[in-house]
Every structure is written in structure tokens, then in C-alpha cells.
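Trainee:
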């Protein structure tokens with residue numbers, strides 16, 4: 001069921017993004033009088049289509065559809081979509097149509113600036129979608145983050161190897177104060193951080209970040225938020241509902257073993273799974289102990305006090321600049337991510353993922369807040385990726401068009417075909433790398 005929920009979210013998100021992107025190309029092409037032959041969500045490889053306005057049953061229901069210039073449809077391969085514009089060298093590599101005399105309604109007869117607009121319209125739509133979504137998020141939910149003010153970290157194996165220790169409080173990254181706990185690891189990766197200052201006990205320690213290990217840092221969490229085992233409430237159906245445990249109690253030991261943080265308690269409670277355990281509790285200035293029942297999963301049926309979450313609330317008008325700011329920050333962050341991935345020495349290319357990796361970041365249960373956040377992020381990723389000057393992507397087409405506008409010389413159709421083929425090979429290699437990384441992680 002979890003896999004189904006995740007898959008549905010991925011398909012819905014990609015469908016929205018592809019539709020919005022291709023709609024930009026479609027509307028701008030039609031605005032300049034360029035004919036669009038096909039507008040498809042997903043690929044109809046082998047001419048296999050889940051839906052088409054040219055299908056016999058559809059034209060019987062809607063006879064006027066047989067005269068439409070554009071065929072609208074849904075392909076069977078959910079790896080993208082396309083807008084086939086007449087007179088353009090695209091993914092179809094249909095060169096036969098280009099051998100005919102150019103028509104006034106073809107892409108190739110349009111002025112260079114119009115062709116540039118058509119090519120950039122999909123990217124523009126992706127960024128516009130991200131702005132709209134982020135404005136909605138700011139206006140509805142606000143901007144939530146875990147304040148780093150009083151936090152301490154629970155270090156994982158990689159973090160300990162780098163020099164961090166459980167209980168450290170992160171002060172700054174290369175002298176810049178750490179404000180948002182959830183953004184610390186990303187900032188270490190993106191900002192080329194060399195030193196992290198931490199408060200360890202009463203001492204300030206500098207932890208050196210070896211940039212050659214960025215690939216490892218990308219692949220796994222460095223640390224969790226270290227949580228005191230502070231009880232918020234006892235579940236009504238908990239076997240320990242009548243044990244005497246109360247809101248605000250802090251469990252400091254289990255069966256005589258000290259547990260400074262909630263994470264420390266898991267292994268200790270696991271040893272008493274299915275039986276009883278004695279817990280030491282700090283209640284104000286008092287020290288108490290209780291016998292508690294531990295279920296077969298090593299739980300005692302209590303809810304833990306949440307970390308301090310701060311929320312910046314925005315009015316409708318304030319949400320617009322907030323959405324613009326968040327979009328700009330996300331674009332900048334993703335560009336820095338690409339720079340890290342493109343640096344072979346970091347090994348970050350090993351973290352590149354495909355649709356499998358995308359599916360894993362969606363929540364197991366439907367959550368509109370997380371879905372819309374991921375939708376905006378993926379829209380920015382799609383927009384930025386399409387800006388790359390790689391033939392086969394919008395950025396490649398735009399580079400050739402800009403070259404034409406600057407030099408006055410238009411690349412030949414043969415050159416564009418070869419460039420498009422090379423670009424598609426590069427993109428296929430990137431797709432193979434992404435799927436290979438995902439399969440390797442699953443295995």
C-alpha cells in the first residue's frame with residue numbers, strides 16, 4: 001500500500017510538471033502561428049497510446065476532433081512528455097518533414113527571437129509554477145523550520161568519523177551562524193564549508209570537513225536531532241497508562257543504563273522487549289523510578305515532546321515576496337548541488353537518482369504540505385536541468401538560436417540532427433547512471 005501511495009504521488013507530480021512545461025511550448029508556438037502536430041503526456045513509443053484524440057472512438061464522439069491540427073494524447077511510457085512542433089528538429093529526429101519546402105506555419109520559418117521564446121517557454125512555466133506553489137505554501141502553512149538555538153546532534157557513523165560527537169551543538173559554518181537545524185547538512189554540501197564550529201561541553205571545537213567526502217555526505221544523514229527522552233503524554237491504550245508516568249517526565253536510565261537521549265534508549269529497551277524494565281525518571285527536582293511494560297517492538301507506549309518548531313506566518317500579500325524569495329533560494333541551492341555533482345573528485349555523481357529515488361522522498365501517507373513542497377522543488381529541478389546547454393534539452397536549442405542571433409548564421413538542419421542525436425545519447429547515459437545508482441542502493 002505504501003508503494004502504491006508513493007507511486008501515485010510520483011505519477012501525479014510528474015504529470016503536472018510535464019503538462020505545465022509542454023504547455024509553455026504549445027501556447028507560445030500557437031501565439032506565433034506555429035503549428036503543433038502532437039501534444040502528449042508521456043511517450044507513445046512504438047505508436048502505442050493510452051489515449052489519442054485521433055482514435056476512432058473519440059472522433060465518433062467528437063467529429064470536430066478529426067479536423068484539429070494537433071493530436072492530443074497520453075503515451076504508455078511515463079518518463080516524460082513532448083510537444084511536436086512542425087518544422088523543428090526534436091526528439092523524434094523526423095528529418096523527412098524538413099526536406100520539404102518550408103511552410104509559413106513551421107517553426108523553422110519563424111524569426112530567431114520567436115524561436116527562442118518558444119524554446120524558453122517551458123522553462124519559464126516551470127519556474128512560474130514553483131513561484132505560485134511556494135506563494136500558496138507561504139500563505140496557507142507559512143514557513144516552518146526547527147530552530148537551531150538550543151539543539152544538539154546525535155551523530156551517525158560518518159559524522160563521528162569526520163569529528164562530530166553526539167551532544168555537540170553546532171554554532172556556525174565557516175563563521176556563518178546556523179539558524180535552521182534542518183538545513184545544516186545541505187549548507188555543508190552546497191556552501192563549500194570547510195570548518196564547522198561546535199560547542200562540546202564548555203569548549204568550542206572546529207570540525208574540518210574533508211570535501212573529498214561530499215559524496216558520502218550526500219548519500220546518508222550526518223546526524224539526527226538529539227532528543228531528550230521527555231514524555232509529552234502517555235497513550236490511552238498504552239500498557240503503561242496507569243504506571244505513574246506523567247507529561248514532562250524525563251527518562252534518564254533504563255535498567256541502570258544511562259540514556260541521555262531518546263536514541264540511546266532504543267537499543268536498551270529492545271533488550272527488554274516483551275517483558276518489563278525499570279526506568280529512572282527526573283520529574284522537576286525529584287528522582288523517581290518506575291517499572292514499565294515493554295512491547296515486542298521495544299516500545300513503552302508514550303509520546304515524546306516535539307522539538308521546537310518555529311513558523312513564519314505570512315498574509316496573502318506577504319506570501320508573494322516570500323514565495324519569490326523561496327523560489328530564488330531553491331534555484332540557487334540546486335545550482336550549487338549541480339556544481340557539486342559535476343565535480344568528479346567529490347564522488348557526488350554516485351548520489352544521482354532516477355524516478356526510483358524521487359519516489360522514495362515522497363511520504364508514505366498523503367500529505368498535501370509535503371506534496372506541494374516536492375512539486376515546487378521538482379519543477380525547479382526540471383527548469384534548471386532544461387536550461388543546461390545540452391543538445392536535446394531546451395537549453396541546447398536556445399544556445400544554437402542565440403548563436404544564430406549573434407552571428408547571423410543559422411546552423412544547418414543536418415548539424416542540428418547530429419547535435420540532437422549526441423544530446424540524446426548523453427541524456428540516455430545520465431538516465432542509465434541514475435537507474436544504476438538507484439538499483440545499487442536497493443541491492
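In the working numbering, the protein residues as written are 1 to 443. All C-beta atoms in this analysis are idealised placements derived from N, C-alpha and C, irrespective of residue type, glycine included. For clarity, every value in this text was computed on a predicted model and none was experimentally measured.
(1) DSSP beta-bridge partners for residue 251?
(2) What distance in whole Å lies between the Cβ atoms of residue 385 and residue 116, which are believed to be in contact at a cut-off of 8 Å?
(3) I need the boundaries of the beta strand (DSSP E) containing residue 155, first residue and last residue.
(4) Starting from the C-beta of residue 40, find all residues in its chain whose C-beta is less than 6 Å away, skip the five residues before and the five after it, and write them out in chain order.
(5) Note the first and the last residue of the continuous beta strand (DSSP E) segment covering residue 71.
(6) Can you find the residues in the same chain that come closer than 7 Å, C-beta to C-beta, to residue 197, ignoring five residues on each side of it along the sequence?
(7) Runs of 3 residues minimum, wholly inside the segment 119–165: which ones carry the beta strand (DSSP E) assignment?
(8) So, for residue 247: in the same chain, excluding its five sequence neighbours on each side, which residues have a beta-carbon less than 7 Å away from its beta-carbon?
(9) Give me, in chain order, the residues of the same chain whose beta-carbon lies closer than 8 Å to that of residue 18; leave out the 5 immediate sequence neighbours on both sides.
(10) Using DSSP bridges, identify the partner residues of residue 81.
(11) Could you round the C-beta distance between residue 153 and residue 226 to whole angstroms and report it? I think they count as a contact, below 8 Å.
(12) Using a threshold of 9 Å, state whether the C-beta atoms of residue 316 and residue 278 are closer than that.
(13) Rounded to a whole number of angstroms, what is the C-alpha to C-alpha distance between residue 318 and residue 428?
(14) Enumerate in chain order the residues of its own chain whose CB-to-CB distance from residue 410 is below 6 Å, with the five nearest sequence positions on each side excluded.
(15) Which full runs of the alpha helix (DSSP H) of 4+ residues lie inside the segment 363–396, going along the chain?
(16) Considering only C-alpha positions, which residue in the set 343, 137, 269, 394 is nearest to residue 229?
(17) With respect to 8 Å, is the separation between the Cβ of residue 378 and the closest non-hydrogen atom of the ligand GDP below this value?
(18) Residue 290 and residue 243 look like a contact to me (Cβ under 8 Å); what is the Cβ gap, rounded to whole Å?
(19) Across the segment 363–381 and the segment 128–135, are there enough close Cβ pairs to call them in contact, namely three or more that are closer than 8 Å?
(20) For the candidate residues 215, 200, 202, whose alpha-carbon lies nearest to that of residue 185?
(21) So residue 24 and residue 124 are in contact, right, with Cβ under 8 Å, and what is the actual spacing, rounded?
(22) Roughly how many angstroms lie between the CA atoms of residue 363 and residue 274, to the nearest whole one?
(23) Assign residue 63 to one of two classes, buried (16 or more other C-beta atoms within 10 Å of its C-beta) or exposed (fewer than that).
(24) Which residue marks the beginning of the beta strand (DSSP E) containing residue 180, and which one marks its end?
(25) To the nearest angstrom, report how far apart residue 110 and residue 69 are at their CA atoms.
Mentor: In terms of the structure at hand:
(1) Within the DSSP secondary-structure output, residue 251 pairs in a beta bridge with 281.
(2) Rounded, the Cβ-Cβ distance is 19 Å, inconsistent with contact.
(3) 153–155
(4) 73, 75, 81, 82
(5) 71–75
(6) 171, 172, 204, 206
(7) Within the segment 119–165, the runs of beta strand (DSSP E) at least 3 residues long that lie entirely inside it are, in chain order, 143–146, 153–155.
(8) Only 231, 232, 233 meet the Cβ criterion.
(9) Contacts found: 41, 42, 80, 81.
(10) Per DSSP, 41.
(11) 6 Å
(12) With a cutoff of 9 Å on beta-carbon distance, residue 316 and residue 278 are scored as not near each other.
(13) 43 Å
(14) In its chain, beyond the 5 residues on either side, 404 have a beta carbon closer than 6 Å to the beta carbon of residue 410.
(15) 368–387
(16) 269
(17) Among the ligands in the structure shown, none appear at all, so the ligand GDP cannot be discussed.
(18) 5 Å
(19) yes
(20) 215
(21) 6 Å
(22) 30 Å
(23) Residue 63 is exposed by the Cβ-count criterion.
(24) Here residue 180 belongs to no beta strand (DSSP E), and DSSP marks it neither H nor E.
(25) Their backbone Cα atoms lie some 18 Å apart in a straight line.
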